[in-house]
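Oh and the sequence shown: position 690 is 733 in our numbering, straight run, nothing missing.
All C-beta atoms in this analysis are idealised placements derived from N, C-alpha and C, irrespective of residue type, glycine included.
Please read all numbers here as calculations on a predicted model, not as lab measurements.
Following: one structure in structure tokens, then a few remarks.
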Amino acid sequence: MMMMELRHLDAALLVLILGHLSSALEVPLDLLPGLPQPPTITHQSPKEYIMDPRENIIIHCDAKGKPHPSFSWTRNGTHFDVEQDPSVMMRPHSGTLVVDLSRARPENFEGVFQCTARNKYGSAVSNNIVVRQSKSPLWSKEKFKPIVVQEGVSLVLPCRPPAGLPPPIIFWMDNNFQKLPQSKRVSQSLNGDLYFSNVRREDSRNDYICYARFTHTQTIQQKQPITVKVLNLDAINDTMADYYNDTELLNEAPVDERKPTFLIPSGHSSAKMVLRGHVLEMECIAEGLPTPEVSWTKVSGDLPGRRASFLHFNKTLRIVNVSESDAGDYRCTARNQLGSAQHTISVTVKAAPYWISGPPKNLVLAPGESGVLTCRASGTPKPSIMWSRNGGPIENSPKDISRKVEDDTIIFTDVQADSSAVYQCNISNPYGYLLSNAFVNVLSEPPRVLTPANKLYQVIENRPALMDCSSFGSPIPKITWFKDSRASTLDGDPYILHDNGTLEIQVAQPQHKGKYTCVATNMLGIYENHVYLETKEPTRIIKQPDDKVVQRGRSVLFECRVKHDKDLLPSVIWLKDDEELPDDERFIVEFDSLSITDVSERDAGTYKCIVNTTLDHDLATAELTVVEPTPAPADLHGRPDPPTDLELTDQKKRSVQLTWIPGEEHNSPIEEFVIQYEDSLHRRGHWHDLARVPGTKTTAHLKLSPHVYYTFRVLARNAVGLSEPSSPSRMYKTDPAAPDQNPKDVRGSGTEHNNLVITWQPLSGLQSNGPGLHYKVSWRPKRPGSDWTTVTVANNSRFTVSGTPTFSPYEIKVQAVNDHGDGPEPAVALGYSGEDLPVSAPTNVRATVVNSTLAELHWDPVPLHLIRGHVQGYKVYYWRRHNLHKHNPDHMEKRILTFSGNHSHGMLPGLHPFSHYSFNVRVFNKKGDGPRSTTQQFKTPEGEPGPPVSLSVTDPSLDSLTLAWSPPHEHNGHITGYDLKYQPAVTSRQVDIATQGWFIGLMCAIALLILVLLIICFIQRNKGGKYPVKEKEDAHTDPEFQPMKDDDCTFVEYSDNEDHKPLKGSRTPSNGTVKRDDSDDSLVDYGEGGDGQFNEDGSFIGQYSGKSSSRDNAEGQESSGAPSPINAMNSLNSFV
């Protein structure tokens, strides 16, 4: 007994020691393509494969290995000969099966399939893939009689959908495809039936329709409509006795209020089993009047907080990701004013096998080394473990003295080359199984460092720095680190050497930057690799935005000033309530500020300034409060309800199909659906538009990007507006891939005369396509036969090449790389190293004088290689040495004239005549001016002299006078004489009469006199006589033509100052103009006789009285002239 215990103890210690020894070699062997490797399954179909008869069957099986493995299949445990069936093919270099269902029957390929990948070093097997055909059977034909129930009783409408594969999604709608409203009183059970705790008169309808949506085949089927008529007892007795002979119903007393009883589940207790990791759903639906409310408790403990939720108006308790702690008794209680009812559900949790510490890991051992494979899992009930070797039972494999099986562990000691194989661990219980492949690869390999050479690490000061030295070798290499001169190994403070070879500096300081060397050593050799470390200043917000209180309609400014390292390019993002800023032109984002104009209540919230660089970030928040809000606008009716039941199907690497159920349209048809996604990996909490589909569709095929954790939601839009977002779909993770693109805007220029700074626009997280984004930066001199130099740069946007010749052309390229491969071949850009001052001056400098103020200069340009930079132009330094006239002083002020570009001549304007000039020419680039040329001279010819400085008259007499003047300041040559011009003086004065005061006064007086005369004429013209029309007008006053008071808009009569009789002023048209009496559009043309006339007020005189020649003549004369402006003014006043 003691010996057995010691033996078990020795085995446990051996496993512990071997596990420690073999755990250090976790290396992706596919980075070393030349090494032999047993097969490894890299991709396989799920264990449950449901095929769609409309599409081909594709059963995936991909594997890697050296040499590349071959593939074979079994179906229901027997060999499946792919070549014997013309409808089946296997993809090249893969084991993936493709079945063409256009040439075969789907049911012929149902069964259990398993794939084997083998090469000369072993065989790996896939899971058992159960292939079944999807089913969406038709609803059985049945006709339902109308259901007549008394108001207040409970009711259950059965759905009983056909059994499909997978099971359908059930929902109830009406004839208009609108979802039936549900509440605490009316709700759908988990099996699809519709439950009424009590019925009401408004529940009467003839279109209760149960729908089943089969997600795999994208079909929806409906049950025959059910008619429900809810009547009270009086209505039944009065109107329905002749049609229904149900005496029990007719004689039943009115339904009274009652305490709750459970419709489901039945009895006082029930039991339920659920698997670990699955979803537990328990429901309790009660009937009663008034409508009961349901609550839940766990008898033996508390409900799991975040994992528990209540659905269907508290009638369903849902617990996700079930664990063993969720087992126990759950109690639902239904309660109303008359009492309560309880039901207890006993939950048992079982568990399919699951890994405790992960599946067994591959072993790479050198001859003579030792290691272990551990397959440790758990489950309820306890699972059994079975080991296989190369796909067959390990008991039937060739005997290997280096191998010992101990339950869930295989111990290898003193392995040899023929010990290489693939081992399978199969753990199973009644609820499932786990199958994992792990190989033992016996190799003798010298050490190699897998970390890219010359990799540049950039870290922020005072933060940890981690430099990788990922290595491979068999036996496992020993890693040592050195810095710069290799004075000593880096194995003490502040350095920490990890087991995987990574060197860590917990608090990086500027003195830690430099060149680091990692050395990998084993008994077969040594390998060195160099990396570089740079430290950068941290990014900080030095002026944070302040909280603001702003009145509605005003503007507000948030400042966010940043300090950052000069080599890091920061980007500033503003968020409102952790969401993107509204797409509104009122929001103006500058680099260091955010301003909002015309602030409204909806702008209130928390604003966050986030500053990001490739290495770090900083953030600050401020609160905006808007005061004096306007009344909230009225609620808008008619927006659609959000879609529901989002499902993901047809899942592929770069695409997925999304389906949903539309929400209530609210009497406005849905025009389109907007599909949005959230990337939880790169930008959690940010939703982006992905696609739009017409409102008639409920499915969309979405194109996806690699290495994104997608969550989708759908919004519906109708003519009224956009709905609220749907509940998010489940997360869909796309596999990483190599980058699809390279950085843009690749440039090369120098900041010093001996360097080349290569810059580029880095890829975003979404563009990276996978983890481990970095860049291969390559450059070479632009000359034939030059070789590329390449370095690996961490996720940054610049790299500096030192020690370059001054201003030399370089070809440069930047390629994006991640952990899954290289991006496409990058384009080559042209750049130049740093500039320096030109070293040569223009030669053959000369001048040609064009005229007295203009000269043309010529020079031979400086050779480009002597300019040592991009030529910016030439500068002419010139100065006027002196005027050739002896009376003028010398002028030595220097001036500069610049000619941009590579010129060889130029015009020099603005010169002084008769002067001696000197000049020289210099070339300049971005660094500055080169040396000056030899100084040359030229002379300008004589020009026109300036005017005399002064002129005076002396000794005037009747017939003579004396003139005296001073010579000009600018002689511009030798003065040979003066020209004297004179003319007689004119003493007469010319006066502009229009500007004289007496003339203006006279004109004003005349205008006033004319205005007075016009007023008198107007008054005389508008005096009315006494004739029959006047009497009729007095008796029958038309209020439409009476003037109104200014104060109360009542009608009054105007009269003159003599007899207070009404004036007969003519009315003006609505446009403010006055028509002449002889207008071509007169109504006289339409009268029955020719004697009819219109008075000035529009009255038709002819129909009231006989002819009066004198009055007619008088009035005709008065109205024959042009209409008076005063008359027009009075007419307008009558409408004010």
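Residue environment, W524, which counts as buried when at least 16 other CB atoms sit within 10 Å:
In the sequence shown, counting from the first residue as 1, residue 524 sits at position 481. W524 comes out buried.
Is DSSP giving Q915 helix, strand or coil here?
Taking the first residue of the sequence shown as position 1, residue 915 is located at position 872. The answer is coil: DSSP assigns Q915 none of H, G, I, E or B.
DSSP-derived helix/strand/coil call for I653:
Numbered from its first residue, the sequence shown carries residue 653 at position 610. Three-state DSSP puts I653 in a strand.
Beta carbon of E878 nearer than 8 Å to that of K970:
The count along the sequence shown starts at 1 and reaches residue 878 at position 835. The count along the sequence shown starts at 1 and reaches residue 970 at position 927. Yes, they are a contact pair.
Please return the same chain residues whose Cβ sits closer than 7 Å to the Cβ of R350, not counting the five positions on each side in sequence.
The residue labelled residue 350 in the question sits at position 307 within the sequence shown. Excluding residues within five positions, the ones whose Cβ falls inside 7 Å are I362, V363, N364.
Start and end residues, beta strand (DSSP E) containing L576:
Along the sequence shown, read from residue 1 onward, the residue named residue 576 stands at position 533. Its beta strand (DSSP E) spans residues 568 to 579.
Beta-carbon proximity check, T334 vs N379, cutoff 8 Å
The residue labelled residue 334 in the question sits at position 291 within the sequence shown. The residue labelled residue 379 in the question sits at position 336 within the sequence shown. Contact: yes.
Applying the 10 Å Cβ sphere with the 16-neighbour rule, what's the burial state of V914?
For the purposes of this step, residue 914 is taken as the residue at position 871 of the sequence shown. V914 comes out buried.
Where do the N-terminal and C-terminal ends of the alpha helix (DSSP H) with Q554 fall, by residue?
Within the sequence shown, the letter at position 511 stands for residue 554. Premise fails: Q554 is in no alpha helix (DSSP H) and is neither H nor E.
To the nearest angstrom, report how far apart H908 and N945 are at their CA atoms.
Locating residue 908 in the sequence shown gives position 865, where the first residue counts as 1. Locating residue 945 in the sequence shown gives position 902, where the first residue counts as 1. Near 13 Å, if we compare the C-alpha coordinates of N945 and H908.
Taking all protein chains shown into account, do 16 or more other C-beta atoms lie within 10 angstroms of the C-beta of I212, making it buried, or fewer, making it exposed?
Taking the sequence shown and counting its residues from 1, the one referred to as residue 212 is at position 169. When all chains shown are included, I212 counts as buried.
Give every residue of the same chain whose Cβ lies closer than 7 Å to the Cβ of E1013, excluding the five residues on either side of it in the sequence, and list them in chain order.
Here residue 1013 refers to the residue found at position 970 when the sequence shown is read from its first residue. The residues are P988, G989.
Does C468 pass the burial test, meaning 16 or more other C-beta atoms within 10 Å, or should it be called exposed?
For the purposes of this step, residue 468 is taken as the residue at position 425 of the sequence shown. With 16 or more other Cβ atoms within 10 Å, it is buried.
Alpha carbon to alpha carbon, how far is R965 from V605?
Residue mapping note: residue 965 aligns to position 922 of the sequence shown, counting from 1. Residue mapping note: residue 605 aligns to position 562 of the sequence shown, counting from 1. Rounded to the nearest angstrom, the two C-alpha atoms are 42 Å apart.
Span of the beta strand (DSSP E), counted from its first residue to its last, around V836
Taking the first residue of the sequence shown as position 1, residue 836 is located at position 793. First-last of the beta strand (DSSP E) with V836: 832 to 837.
Compute the Euclidean distance between the alpha carbons of S513 and P490, then round it to the nearest angstrom.
The residue labelled residue 513 in the question sits at position 470 within the sequence shown. The residue labelled residue 490 in the question sits at position 447 within the sequence shown. Going by the C-alpha atoms only, they are around 11 Å apart.
Considering only C-alpha positions, which residue in the set H1017, V919, N968 is nearest to T978?
Translated into the one-based positions of the sequence shown, residue 978 becomes position 935. Closest by alpha carbon: V919.
Tell me the start and end of each unbroken beta strand (DSSP E) in the segment 942 to 1008 that is at least 3 residues and wholly inside, in chain order.
948 to 951, 958 to 967, 979 to 982, 991 to 997
Residue burial classification, D236 (beta-carbon count within 10 angstroms, cutoff 16)
Here residue 236 is taken as the residue at index 193 of the sequence shown, counted from 1. The residue in question, D236, is buried, as its Cβ has 16 or more Cβ neighbours within 10 Å.
Determine whether the beta carbon atoms of F455 and S413 lie at a separation below 8 Å.
One-based indexing of the sequence shown puts residue 455 at position 412. One-based indexing of the sequence shown puts residue 413 at position 370. Contact flag set, yes.
Quick check on L1052: does DSSP put it in helix, strand or coil?
Within the sequence shown, numbered from 1, the residue matching residue 1052 stands at position 1009. Helix.
Starting from H901 and walking both ways along the beta strand (DSSP E), at which residues does that stretch end?
The count along the sequence shown starts at 1 and reaches residue 901 at position 858. First-last of the beta strand (DSSP E) with H901: 897 to 903.
Can you tell me where the alpha helix (DSSP H) with T908 in it begins and where it stops?
On the sequence shown, position 865 is the one that residue 908 refers to. According to the sequence displayed, residue 908 carries His and not Thr. Run containing H908: 907 to 910, per the alpha helix (DSSP H) assignment.
With a CB to CB cut of under 8 Å and the five nearest residues on each side skipped, what residues in its chain are close to A85?
In the sequence shown, the residue the question calls residue 85 occupies position 42. A small fix is needed here, since residue 85 is Thr in this sequence, not Ala. Closer than 8 Å at Cβ, skipping near neighbours: D105, A106, K107.
Cβ pair V852, Y875 closer than 8 Å:
Residue mapping note: residue 852 aligns to position 809 of the sequence shown, counting from 1. Residue mapping note: residue 875 aligns to position 832 of the sequence shown, counting from 1. The residue asked about is misnamed: residue 852 is Pro in this sequence, not Val. For P852 and Y875, yes; Cβs fall inside 8 Å.
Once the 5 residues before and after H744 are set aside, which same chain residues still bring their CB inside 7 Å of it?
As a working mapping, residue 744 is identified with position 701 in the sequence shown. For H744, where only same-chain residues beyond five positions count, the Cβ hits under 7 Å are S698, Q700.
Mapping DSSP to helix, strand and coil, what is D1022?
Residue mapping note: residue 1022 aligns to position 979 of the sequence shown, counting from 1. Correct three-state label for D1022: coil.
8 Å contact criterion, which P768 and P685 should meet: CB distance rounded:
Residue 768 sits at position 725 when you count from the first residue of the sequence shown. Residue 685 sits at position 642 when you count from the first residue of the sequence shown. Contact flag correct, Cβ pair sits at about 6 Å.
Among S145, G344, L274, R146, which one has its Cα closest to the Cα of G195?
Within the sequence shown, the letter at position 152 stands for residue 195. Answer by Cα proximity: L274.
Run through DSSP, which three-state label would F1094 get?
Along the sequence shown, read from residue 1 onward, the residue named residue 1094 stands at position 1051. Only weak support is given to the placement of F1094: the predicted model assigns it a pLDDT of 37, under 50, and the question is left unresolved by the model.
DSSP beta-bridge partners for W1041?
As a first step, residue 1041 must be located in the sequence shown, where it is residue number 998. None, per the DSSP bridge assignment.
Considering only C-alpha positions, which residue in the set Y474, L493, W430 is nearest to A464?
For this step, residue 464 is matched to residue 421 along the sequence shown. It is W430 whose Cα lies nearest to the Cα of A464.
Determine the DSSP secondary structure at M132, reduced to helix, strand or coil.
In the sequence shown, the residue the question calls residue 132 occupies position 89. In the structure shown, M132 sits in a strand (DSSP, three-state: E or B).
Endpoints, the beta strand (DSSP E) within which Y92 is located
As a working mapping, residue 92 is identified with position 49 in the sequence shown. First-last of the beta strand (DSSP E) with Y92: 91 to 94.
Whose C-beta lies closer than 7 Å to the C-beta of K186 among residues of the same chain, with five residues either side of it excluded?
Start at 1 with the first residue of the sequence shown, and residue 186 comes out as number 143. Only Q267 meet the Cβ criterion.
So, does the segment 660 to 673 touch the segment 592 to 602, judging by three or more C-beta pairs under 8 Å?
yes
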